[in-house]
Amino acid sequence: MSLPAARQVHEAWVLPGGPGFEDWSLTADVRAFLASGRQDGQAKDDTTVVVTTPKAAIVKGVDGPDWAVVCVLLDVQVSIHTDARMGYGLCAAMQWSQDRWQVATGPEPAPALRLARLPTGR
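First residue of the sequence shown: 1, per the numbering used here; consecutive thereafter.
Put into structure tokens, the structure is as follows:
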């Protein structure tokens, strides 16, 4: 949960012509996390722990052999001063480039779902 780490991920995952770092939905999500946790604006502090576990994935659509919209659902557990937990979904138009899938050129697809609090079972 840091903007410098998000920038490194963006550089590795997003093809030229894809969403720019400042406009990328994942950048906005990291900024929102840092703001809501009253972090310093660039990275979480050392007392904050974030654990993400992939729980599901789905291919929403395919258009030919080298383009797809793919979603990954994560279980995100955060410990700041108290524990918090949420579900998170990220969808991206993906394009096969050289030897791997990367975020495709063009605008991001419309969001597939809205985030909601998960019941804690207490």
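Each residue gets a CB set at the ideal place from its N, CA and C atoms; glycine is no exception.
> Under three-state DSSP, which class holds residue 84?
Replying inline: strand
> Does the distance from the C-beta atom of residue 70 to that of residue 92 stay below 8 Å?
Replying inline: yes
> In terms of residue numbering, what span does the alpha helix (DSSP H) encompassing residue 36 cover?
Replying inline: 25-36
> So, is residue 103 buried or exposed, given that buried needs 16 or more other C-beta atoms within 10 angstroms?
Replying inline: buried
>> My output table needs one value for residue 77: the three-state DSSP class, helix, strand or coil.
In response: strand
> Looking at the unbroken alpha helix (DSSP H) that takes in residue 12, where does it start and where does it end?
Replying inline: 3-13
>> In whole angstroms, give me the CA-to-CA distance for residue 33 and residue 59.
In response: 26 Å
> For the putative contact between residue 108 and residue 19, defined by C-beta atoms under 8 Å, what is the C-beta separation to the nearest angstrom?
Replying inline: 5 Å
>> Please list the terminal residues of the continuous beta strand (DSSP E) segment that includes residue 54.
In response: 49-62
> When the Cα atoms are used, what is the spatial distance from residue 25 to residue 53?
Replying inline: 19 Å
> Does any CB atom of chain C fall closer than 8 Å to the CB of residue 32?
Replying inline: Protein chain content of the structure displayed is limited to a single chain, and chain C is not contained in it.
>> Going by the DSSP bridge assignment, what does residue 68 pair with across the sheet?
In response: 62, 94
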